[in-house]
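Residue numbers (UniProt numbering), protein chains in the order written: chain D, 1 to 542; chain G, 1 to 362. Presented below is the structure to which this report refers.
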């Protein structure tokens, strides 16, 4: 009997053809494989958030296998001796067991927490990059809004997450959260009582936070992140201005294989750094805090870093209570303003910013080229102002620790924060604005007169002048003809290749000198003409 | 740039027949890219095959991968055999978590840097330019879609048959509310059930039985238990009085020094609380009127009580008036006395609302 021959080499091709017959995937797949991405280090900040989120999903799923979201009172009888015999909630006891009884549970818990902190940090830094480079402009306003919503939803995810262990520290945070909800006029007490199922703390809040933390919020995050990344994909990434780059094209490299491989490596590195942090740096040692009891608190009770700005605003708020003398009298407590109104304003301002700016500048065109922060001084200064505001609040969230460590009066710290909150942002605006103008001026100067060489020449009449290396042919006034194109202007001689490219290899060269310094993603520069001797800059210098 | 003008010239180009004999694979790749409006303008290998530089890079990447495997194995060995169960003191179990972190981290970093080196250094560098087709949506495409949608609206005929639209709306609004009703109805909880926001565990029991002040362990408190200038956290001596079920009841019992007690009594009398203290003892709610943290840092010298959450400070000798920070309301005072057996009791419940402020607090 003759066996039918099976051609192994043709099998993948046949399988692929079979798949394409059914799914018509060849053309769309090629689009994806070929898609061009511009490359710049700052484009990777958002990826850190994405990769941290993946780590969060992985470690978080592990944690759910062992965590018991219940406030039933149990008596701890685990291996952590100092707490043995203590009555506590089942949630806290199972969190302790996760740390002591589950093999490898502690590293998972710590990685989860560090990944959450990294997630929020990456979101903030990524947002700053988007803001300062104008990447939020049309057509990307939607993605900006989704991004800022992701910050607030991440904030909620973080808060519900660190409340779950029901330890002494997080319980205090929960208490403050209940007071914040309580402070909302008219509906406050109804809202709080509905969420907590009665008076604080009740017996249900941990289970409700649990389902929010492991299902509702992650689902929302996942959905928004998918839309966010999907929009980056379909709208195509922005790029910096540069040779060959226009508003109508993308200059970079195709997604596969090099770009994708670099992303994969980067993910592994983010994952590895989180693992190192989870193993080496202790975070949230809940066994030291004890179970939550309404009457126990310790000094230096700080929330996670991304909540600290709200803690700070609460601390700085003067005790201004509004009393409404109707009937029995109604109250708007001072807590309402820094914890409900302020975040509301921040959400509104941040989501609306792209539209406000477009309206102000009457600029409704599509922008795919990024702007250097110095070229838009008003926006950069506004960003610096927001940053100063945020930093004062965040530092004020730790003002008791600062007062303690630096031996400053606590009240002085509070007053410094109150005054600083009003004075520093406008100051940051002014200083940043001037810095931007100064940098712009210097760019223009270099384009017109050339790069400072550091060579001082003494003229026959005794004057000293610095020799400048012009960047282009000059007119009779000694001015260069180069236009500023929105990209880096070389300001040092070795940027022009004056010192010769560095050659690798300690004792003998292991590579031939590079042709000319090009930044990655640029089309190569034309071969350099023979280097001319630097001419005297006496004419070019006025 | 010459390459770029070439790219512009591609616009009206004939597609290449990929079955032409003699085409290299790269030619086909370039043709595919062109069909996606991508021009590969620069493509150059970073390392020449067979050179020392290539072998060095290959060795480096291989080492990184192998290191990764080695450290990964170490992780498994540690995970399985290292003593991991918690024991008090400085045992080797304290090294378990750091060792797991280091091995896991290094193995992942090994893979990461290996892949990165592979991609960054060994793969050819390229510069490609893709067209964005910005503003190239043909006007008539938009028009066609718009007209299609308008035609669909016409087909539905809502304009001609307004009753349909109105009745649909009238029918659907309650159905939408039906979806929300169980959620709202199930969650909603009356905050004023049993007057719970205005009462604490110190409310006298039925029959007027006064509630004792007890310690954390449930023992009642005698005046002699607190030395002058000292303070003690006390709870209502009822069932679960110490637990979180009575989270608004923790109270600070303070034994003031003679001078301070005199000042406090005067302050008490000013607000009509003349009989709230017992001797030199005063009791104030420990729950901060700002955000509900326990205001628990008592500074004996100044008689100030500090809340560590937001640094509100209350002057105990002046009816616990807020003197600094964001709190706007003084800490409620618990009227106390000593019963026939010599233990502290609450004369009545708090006469002011305990805990953080809210809208309808009278």
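We put the beta carbon where it would ideally sit given N, CA and C, even for glycine.
- Residue burial annotation: residue 89(G) is exposed, with fewer than 16 other C-beta atoms found within 10 angstroms of its C-beta.
- The beta-carbon separation of residue 270(D) and residue 42(D), rounded to 16 Å, does not stay under the 8 Å limit for a contact.
- DSSP lists 474(D) as the bridge partner or partners of residue 480(D).
- Here the C-alpha atom of residue 314(G) lies approximately 19 Å from the C-alpha atom of residue 399(D).
- DSSP lists 287(G) as the beta-bridge partner residues of residue 294(G).
- When only Cα atoms are considered, residue 277(D) and residue 196(D) end up about 34 Å apart.
- Excluding its 5 nearest sequence neighbours in each direction, residue 352(G) has C-beta neighbours in its own chain below 6 Å: 332, listed in chain order.
- Interface annotation, residue 305(D): not in contact with chain G, CB-CB separation never under 8 Å.
- Among the CB atoms of chain G, none fall inside 8 Å of the CB of residue 20(D).
- With a threshold of 8 Å between beta carbons, residue 325(D) makes no contact with chain G.
- Around residue 325(G), the beta-carbon contacts reaching into chain D at under 8 Å are 315, 319 and 414.
- Secondary structure note for residue 346(G): its beta strand (DSSP E) is the uninterrupted segment 344–346.
- Distance from the CA of residue 291(G) to the CA of residue 447(D), rounded to the nearest whole angstrom, comes to 58 Å.
- Across the structure, residue 48(G) and residue 342(D) are spaced so that their CA atoms are roughly 60 Å apart.
- Residue 340(G) carries a coil assignment under DSSP once its states are collapsed to helix, strand and coil.
- Judged by DSSP in its simplified three-state form, residue 125(G) adopts strand.
- Interface annotation, residue 461(D): not in contact with chain G, CB-CB separation never under 8 Å.
- By the rule that beta-carbons nearer than 8 Å mark a contact, residue 247(D) touches chain G.
- At least 8 Å separates the CB of residue 13(D) from every CB of chain G.
- The alpha-carbon of residue 235(G) is positioned some 8 Å away from that of residue 218(G).
- Scanning its chain for C-beta atoms nearer than 7 Å, with the 5 sequence neighbours on each side dropped, one finds around residue 267(G) the residues 317, 318 and 319, in chain order.
- Closest in alpha carbon position to residue 205(G), among 237(G), 169(G) and 302(G), is 237(G).
- Interface with chain D (8 Å Cβ-Cβ cutoff): residue 95(G) is excluded.
- Under DSSP, the beta-bridge partners assigned to residue 291(D) are 167(D).
- A Cβ-Cβ contact shorter than 8 Å links residue 45(D) with residue 129(D).
- In the three-state reduction of the DSSP assignment, residue 119(D) falls in the helix class, which pools H, G and I.
- Taking 8 Å as the cut-off, the Cβ atoms of residue 95(D) and residue 106(D) do not count as close.
- Take residue 124(D), set aside five residues on each side of it, and the residues of its chain with a beta-carbon closer than 8 Å to its own are 151 and 306, in chain order.
- Between residue 172(D) and chain G, the shortest Cβ-Cβ separation is below 8 Å.
- Boundaries of the alpha helix (DSSP H) harbouring residue 32(G): 25–35, taken from the DSSP string.
- Scanning the region 38–70 of chain G for uninterrupted beta strand (DSSP E) segments of 3 residues or longer gives 38–44, listed from N- to C-terminal end.
- Annotation for residue 96(G): no beta strand (DSSP E) segment contains it, though the alpha helix (DSSP H) segment containing it runs 96–117.
- Between residue 106(G) and residue 279(D), the CB-CB gap reaches or exceeds 8 Å.
- Going by DSSP, residue 88(D) is part of the beta strand (DSSP E) stretching over 87–89.
- Note that the region 449–467 of chain D does not touch the region 421–441 of chain D; fewer than 3 beta-carbon pairs, one per stretch, sit closer than 8 Å.
- Of all residues in the region 176–198 of chain G, only 187, 188, 189, 190, 191, 192, 193, 196 and 197 place a beta-carbon less than 8 Å from a beta-carbon of chain D.
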